[in-house]
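Visitor: Taking the numbering used here, I'd label the letters of the sequence shown as residues 43 to 232.
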Amino acid sequence: HVDGTLAEARFDNVVVDDHEPMRSADVGASAAGATATDGPQITIAGNGADIWGTADAFRFHYTRWRGNGFVIARVRSLDDTHAWSKAGVMIRETLDPGSKHAMAIVSASRGLAMQSRSTTNAVSAGTGSAAGAAPVWLMLRRFGDDFTSYWSVDGESWAFLGQVTIPMNIEVFVGLAVTSHAAGTLATAV
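(1) Contact between the stretch 61-71 and the stretch 100-111 is defined here as three or more beta-carbon pairs at a separation below 8 Å; is this criterion met?
(2) What did DSSP end up calling threonine 105 once you bin it into helix, strand or coil?
(3) Cβ of serine 127 within 9 Å of Cβ of serine 158?
(4) Buried or exposed for glycine 53, going by 16 or more other Cβ atoms inside 10 Å?
(5) Rounded to whole angstroms, what's the CA-CA distance from isoleucine 84 to alanine 97? Just pull it up for me.
(6) Does the distance from the C-beta atom of serine 222 to that of asparagine 89 stay below 9 Å?
(7) Within its chain, find whatever has a CB closer than 7 Å to the CB of serine 140; leave out the 5 residues flanking it on each side and keep chain order.
(8) Taking the straight line between their C-alpha atoms, what separation do you get for methionine 145 and alanine 51?
(9) On the CB-based measure, 16 or more other CB atoms within 10 Å of its CB, does histidine 43 come out buried or exposed?
(10) Looking only at DSSP bridge pairs, what is histidine 143 linked to?
(11) Quick one: grab the DSSP three-state call for serine 171.
(12) Are at least three pairs of beta-carbons, each pair with one atom in the stretch 70-80 and one in the stretch 176-194, less than 8 Å apart?
(13) Taking just the CA atoms, how far does aspartate 45 sit from tryptophan 11?
(14) Starting from aspartate 122 and walking both ways along the beta strand (DSSP E), at which residues does that stretch end?
(15) Between the Cα of valine 216 and the Cα atoms of Ala167, Gly130 and Asp122, which residue gives the shortest distance?
(16) In chain order, what residues of the same chain lie with their CB nearer than 6 Å to the CB of glutamate 198, ignoring the 5 residues before and after it?
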């Protein structure tokens, strides 16, 4: 902080983590979906009965992730195959259908929600909701075992959506989730 004078600092335990490339998978009892990328735009056609109950069925575009941080995405559009068709951001412990997870979603016509499963193979829970529809920005933040979600219409001013504490492994899967809520029918989200 003194112009012309050098300051010396020493760092240890520094990790620069190149994230794995994004991958897509159909999780649970879900017919094949599809994922297409065009620069920063990702189009996901997801099937599956729901991301709810004790076992999920959906399309997940994800990468492995370690530690604290946040994921932000703008859901530009979502097909209205069912009132509870969902698209949003998710942090998930495993790719198993009954995995612990937290997510911030927009539904086709039921608004915005934070939903989660705090124990493997347990029943899902809603931890926050708000009126809204696509297009909408969604943010999910992890700090230790605390997960907090927000939403925004412009990607700059954020409103609180929900918060939940879930004991979860340090290494997780983070990404974009889409379910049609109508098994056998695809819902496309951009």
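Glycine included, every Cβ here is placed at the ideal spot set by N, Cα and C. This one's a predicted model, so the numbers in the text were calculated from it and none came from an experiment.
Guide: Inspection of the coordinates gives the following:
(1) Here the stretch 61-71 lies against the stretch 100-111, with 3 or more beta-carbon pairs under 8 Å apart.
(2) As a first step, residue 105 must be located in the sequence shown, where it is residue number 63. In this structure, threonine 105 counts as strand in the three-state DSSP scheme.
(3) Your numbering for residue 127 matches position 85 in the sequence shown. Your numbering for residue 158 matches position 116 in the sequence shown. No. Outside cutoff.
(4) Taking the first residue of the sequence shown as position 1, residue 53 is located at position 11. Sequence check: residue 53 is phenylalanine here, not glycine. If you draw a 10 Å sphere on the C-beta of phenylalanine 53, you find fewer than 16 other C-beta atoms in it, and that means exposed.
(5) Looking up residue 84 in the sequence shown gives position 42. Looking up residue 97 in the sequence shown gives position 55. Spanning the two alpha carbons is a distance of roughly 25 Å.
(6) Position 180 of the sequence shown, counted from the first residue, corresponds to residue 222. Position 47 of the sequence shown, counted from the first residue, corresponds to residue 89. In contact: serine 222 and asparagine 89 (Cβ atoms closer than 9 Å).
(7) By 1-based counting over the sequence shown, the position of residue 140 is 98. This sequence places glycine at residue 140; serine is not what is there. Thr96, Ala97, Thr162 and Asn163, listed in sequence order.
(8) In the sequence shown, counting from the first residue as 1, residue 145 sits at position 103. In the sequence shown, counting from the first residue as 1, residue 51 sits at position 9. When rounded, the distance between both Cα atoms is 39 Å.
(9) On the sequence shown, residue 43 is found 1 positions in, with the first residue counted as 1. Per the 10 Å Cβ criterion, exposed.
(10) Within the sequence shown, residue 143 is the residue found at index 101, counting from 1. For histidine 143, which the question treats as bridged, DSSP gives the partners Arg134 and Arg159.
(11) Here residue 171 refers to the residue found at position 129 of the sequence shown. Here serine 171 sits in strand by DSSP.
(12) Pairwise C-beta distances place the stretch 70-80 out of contact with the stretch 176-194, as fewer than three of them are shorter than 8 Å.
(13) Residue 11 is absent from the model: the chain starts at 43 and stops at 232.
(14) Locating residue 122 in the sequence shown gives position 80, counting from the first residue. Per DSSP, aspartate 122 belongs to no beta strand (DSSP E) and is neither H nor E.
(15) In the sequence shown, residue 216 corresponds to position 174, counting from 1. Restricting attention to Ala167, Gly130 and Asp122, the CA atom closest to the CA of valine 216 is found in Gly130.
(16) Walking along the sequence shown from the start, residue 198 turns up at place 156. Nothing listed; no residue qualifies.
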